[in-house]
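Start counting the sequence shown at 1; every next residue gets the next number (UniProt numbering). The C-beta atom is built at its ideal place from N, Cα and C for all residues, glycine as well. This one's a predicted model, so the numbers in the text were calculated from it and none came from an experiment.
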Amino acid sequence: MRGELHPGLSLLKDGISEFTFAGLFLFRKRYGYGLSRLPDNHLVISGTSETGKFFMLPCGIPEDKQILRALFSEHQYLKNLPEQYAEKERINLEQKGLCVCEDRENFDYLYLRKNLATLAGRKYHKKRNLVNAFINSYTYEEKWIDKENRNDAMTILDAWRKEREDPGDFEAAKEALEMMEELGLIGCLTYVDGSPAAYSLGEPLAKGRAFAVHFEKANDDFKGIYQFINRSFASMLPRHYCYINREQDLGDPGLRQAKMSYRPDAFVKKFKVQPEESAGCCPSDQTSE
Numbered sequence: 001m002r003g004e005l006h007p008g009l010s011l012l013k014d015g016i017s018e019f020t021f022a023g024l025f026l027f028r029k030r031y032g033y034g035l036s037r038l039p040d041n042h043l044v045i046s047g048t049s050e051t052g053k054f055f056m057l058p059c060g061i062p063e064d065k066q067i068l069r070a071l072f073s074e075h076q077y078l079k080n081l082p083e084q085y086a087e088k089e090r091i092n093l094e095q096k097g098l099c100v101c102e103d104r105e106n107f108d109y110l111y112l113r114k115n116l117a118t119l120a121g122r123k124y125h126k127k128r129n130l131v132n133a134f135i136n137s138y139t140y141e142e143k144w145i146d147k148e149n150r151n152d153a154m155t156i157l158d159a160w161r162k163e164r165e166d167p168g169d170f171e172a173a174k175e176a177l178e179m180m181e182e183l184g185l186i187g188c189l190t191y192v193d194g195s196p197a198a199y200s201l202g203e204p205l206a207k208g209r210a211f212a213v214h215f216e217k218a219n220d221d222f223k224g225i226y227q228f229i230n231r232s233f234a235s236m237l238p239r240h241y242c243y244i245n246r247e248q249d250l251g252d253p254g255l256r257q258a259k260m261s262y263r264p265d266a267f268v269k270k271f272k273v274q275p276e277e278s279a280g281c282c283p284s285d286q287t288s289e
């Protein structure tokens, strides 16, 4: 399956974090993803969330009106429509009685890799202080994740899970570590005083110009550990990655504040499309912060 989907998804220039084989595979159970092809060979991804049945079109809107009508008859809304297609097809979609709006809580946060790697300048003063506090307080070591130390990352993940009532993305994160070679994932580990303390795991996207961080777990008993692993991974990644995609905030105020505090360089905008008569359709056209 990866051999069929990955080549096409890896060429998508939008850099939407959901549109990778790993992202679809790892969260297939949570969203009940189903894949199909339209007559023109465009990929359709179907799923279900707490807001209802949705579909996604990574490669754009089908020209055939009957196909689009059929998709909306089976799903409540179109999710994660790339900005290039939303702007190109907005008038056409609105003429069909569909509402097109920015889905702010699902915007991906894009950061310049070099900014996260250096934390240079006044705007990163607080982050730098936390990283320096970590460096000055602990003896640490950084390594790429491989087959020999994968269980150390699993130890971090298991400890993270035990500290929380809500399992969150535990199952997906566990499977990602177990299948990282098959899924094409890359990650790094941080050890403190010889013991595993943090890890990050992700993959290339946007034709190799960006790197998406899918999972990041740490023992937060160590002050500054999250700021350190964030900077460390950005430093270790090859320079051809111009951007680091740290995914969306899902509308969580705390997560949004944390992501904004790193001063994103841009957002990967995603759009939601649904019938105008739908309740709560596009209450306002939200803009990026």
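| query | result |
| --- | --- |
| What number of angstroms, rounded off, separates the C-alpha of residue 239 from the C-alpha of residue 68? | 41 Å |
| Looking at residue 131: is its Cβ nearer than 8 Å to the Cβ of residue 227? | yes |
| Determine which residues share a DSSP beta bridge with residue 196 and list them. | 191 |
| How would you label residue 125, buried or exposed, when you count the other beta carbons within 10 angstroms and need 16 or more for buried? | exposed |
| Looking at the structure shown, is residue 248 part of a helix, part of a strand, or coil, going by DSSP? | coil |
| Using the Cα positions of residue 78 and residue 138, report the straight-line distance between them to the nearest angstrom. | 48 Å |
| Output needed for residue 33: all residues of its chain with C-beta closer than 8 Å, excluding positions within five of it in sequence on either side, in chain order. | 24, 27, 45, 46 and 47 |
| Which partner residues does residue 52 have in the DSSP bridge list? | 49 |
| Considering only C-alpha positions, which residue in the set 109, 8, 117 and 215 is nearest to residue 176? | 215 |
| Please go through the same chain and pick out, in chain order, the residues whose beta-carbon is closer than 7 Å to the beta-carbon of residue 96, but skip the five residues on each side of it. | none |
| Under 8 Å between the Cβ atoms of residue 223 and residue 173? | no |
| Roughly how many angstroms lie between the CA atoms of residue 18 and residue 155, to the nearest whole one? | 26 Å |
| Among 56, 12 and 2, which has the Cα closest to the Cα of residue 274? | 56 |
| Which runs of the alpha helix (DSSP H) fall wholly inside the region 155-192 and span at least 4 residues, in chain order? | 170-178 and 180-183 |
| When DSSP labels each residue in this structure, what does residue 292 get in the three-state scheme? | A query on residue 292 cannot be resolved here, the shown segment of the chain reaching from 1 to 289 and no further. |
| Tell me, please, whether the region 147-161 touches the region 184-197 by the rule of three or more beta-carbon pairs shorter than 8 Å. | yes |
| How many Å lie between residue 199 and residue 64 at the Cα? | 46 Å |
| Where do the ends of the beta strand (DSSP E) carrying residue 111 lie? | 108-112 |
| Since residue 187 and residue 135 should fall inside the 8 Å C-beta cutoff, what is the C-beta to C-beta distance between them, to a whole number of angstroms? | Not really, about 21 Å apart at Cβ, beyond 8 Å. |
| Helix, strand or coil, according to DSSP, for residue 80 in the structure here? | strand |
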